[in-house]
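Under our numbering, the letters of the sequence shown match residues 214 to 375, in that order. Even for Gly, the Cβ is constructed at its ideal location relative to N, Cα and C.
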Amino acid sequence: MDKQAFEKLERIVETVRRHLEGDAAVAFVHESGHRVTPQGMVRFFRSVGGRVAIAKRIQEGKSNVEILYDVFPSFAGRRPPLAAPVQQDLVDLSGEPLYAAGYGDEDFESTKLTIRLPNDVYRALGMAAKMEGVPRNQLMVDLLTGALGRMSPPEHLREYEE
214 MDKQAFEKLE RIVETVRRHL EGDAAVAFVH ESGHRVTPQG MVRFFRSVGG RVAIAKRIQE
274 GKSNVEILYD VFPSFAGRRP PLAAPVQQDL VDLSGEPLYA AGYGDEDFES TKLTIRLPND
334 VYRALGMAAK MEGVPRNQLM VDLLTGALGR MSPPEHLREY EE
């Protein structure tokens with residue numbers, strides 16, 4: 214089974230975890246770019262023992278990948294198991310600034326993000342960055358990091374917190 218089909222099955226299992234049924238479940242799978250019909254989802258659930266069998270494995274604390282390995286043993290070894298991320302993995306909680314003066318961009322692993330902002334928000338960010346004495350990009354990184362650090366994880370990930 215190819216990677217896309219496996220990811221599609223993961224999304225279908227996630228519909229059970231989120232308690233989605235019918236058109237809502239189909240729409241959820243479609244959001245990730247995978248095509249599925251209600252009949253296709255019914256066939257999948259019948260092949261694995263029904264939604265109840267999936268829900269039981271979820272209650273046991275298994276991840277979507279582990280559930281697929283359980284119901285399709287032939288998948289084992291084709292993809293490494295993935296651990297669910299915890300908040301500490303997503304955000305640097307050390308309190309140290311992410312920007313270190315004197316280091317070039319080549320010293321940091323980064324990804325470029327392009328967003329559209331209203332002109333007044335862009336100017337306000339520029340003024341705030343000037344007052345803080347940091348580049349506008351660094352101010353954006355600090356703001357986003359702070360906001361992500363304060364977010365609570367979604368309900369379906371709370372079981373993984375320690």
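Rounded to whole angstroms, what is the Cα-Cα separation between residue i and residue j?
i, j, result
"R264", "V229", "7 Å"
"Y316", "L330", "Model confidence at Y316 stands at a pLDDT of 47, short of 50, so the residue's coordinates are unreliable and nothing is read from them."
"E227", "S260", "16 Å"
"E375", "G274", "For E375, the predicted structure reports a pLDDT of 48, less than 50, and the residue's modelled location is therefore unreliable. The matter cannot be settled from this model."
"N332", "M353", "15 Å"
"R349", "G235", "46 Å"
"A342", "I267", "49 Å"
"V407", "D283", "In the structure as shown, the chain starts at 214 and stops at 375, and residue 407 therefore has no counterpart that could be examined."
"L357", "R363", "10 Å"
"D355", "I328", "16 Å"
State buried or exposed for residue i, treating a residue as buried only when at least 16 other CB atoms are found within 10 Å of its CB.
i, result
"V255", "exposed"
"I271", "buried"
"V249", "buried"
"A237", "exposed"
Go ahead and pull the three-state DSSP assignment for residue i.
i, result
"P348", "coil"
"D323", "A quick correction: the sequence has Ser, not Asp, at residue 323. Looking at S323 - three-state DSSP - the assignment turns out to be coil, as it is neither helix nor strand."
"S276", "coil"
"H380", "In this structure the chain extends from 214 to 375, so residue 380 is not present and cannot be described."
"E234", "coil"
"L356", "helix"
Flag this pair as yes or no: are the beta carbons of residue i and residue j separated by less than 7 Å?
i, j, result
"E223", "N277", "yes"
"P251", "V242", "no"
"F257", "I280", "no"
"H247", "K221", "yes"
Among the candidates the options, whose CA atom is the shortest distance from the CA of residue i?
i, options, result
"K325", "G339, Q351, K343 and N332", "Q351"
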